[in-house]
Amino acid sequence: MTIDHHQNSPSVSHRVVNAVARKEGIDPIDLEPLYHAIDPDSLDRLFSSEAAADDRAADELTFTFAGYRVTVSADGSVDVATISGDGGQPSSIDQSATPSGEPNTPD
Numbered sequence: 001m002t003i004d005h006h007q008n009s010p011s012v013s014h015r016v017v018n019a020v021a022r023k024e025g026i027d028p029i030d031l032e033p034l035y036h037a038i039d040p041d042s043l044d045r046l047f048s049s050e051a052a053a054d055d056r057a058a059d060e061l062t063f064t065f066a067g068y069r070v071t072v073s074a075d076g077s078v079d080v081a082t083i084s085g086d087g088g089q090p091s092s093i094d095q096s097a098t099p100s101g102e103p104n105t106p107d
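Position one of the sequence shown corresponds to residue 1 (full-length UniProt numbering), numbered consecutively onward.
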């Protein structure tokens, strides 16, 4: 039996909101709406399990949301980096959410 983990896991847009909220230490409902930064439906379609990797222009997408630099990779993982005051370069990276929606933990 094959299990599609993407089908049972939260959407990419939900993983982004949850990862940023976890980094902020707040409830996801207290964040600004994701659509102020990016179209959530387009984000979900781009990284859906149905979207062919060959159809993507890149293997990852990076955007700013709620003061963080968010990178979504082709495998659906979400990285959240704090934007520092030195020209917008990330100052710390938090491998915050995997396609299953679970926080990444260092080995």
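Where is the CB? At the ideal position from N, CA and C, for every residue including glycine.
- With fewer than 16 other Cβ atoms inside 10 Å of its own Cβ, S48 counts as exposed.
- Residue burial annotation: S84 is exposed, with fewer than 16 other C-beta atoms found within 10 angstroms of its C-beta.
- Cβ neighbours of A37 within its own chain (closer than 7 Å, five residues either side excluded): F63, T64, F65.
- Our two residues, Y68 and S13, have alpha carbons roughly 15 Å apart in a direct line.
- The three-state reading of DSSP puts L61 in strand, counting E and B together.
- A direct Cα-to-Cα measurement between L43 and R15 gives close to 11 Å.
- DSSP lists F65, T82 as the bridge partner or partners of Y68.
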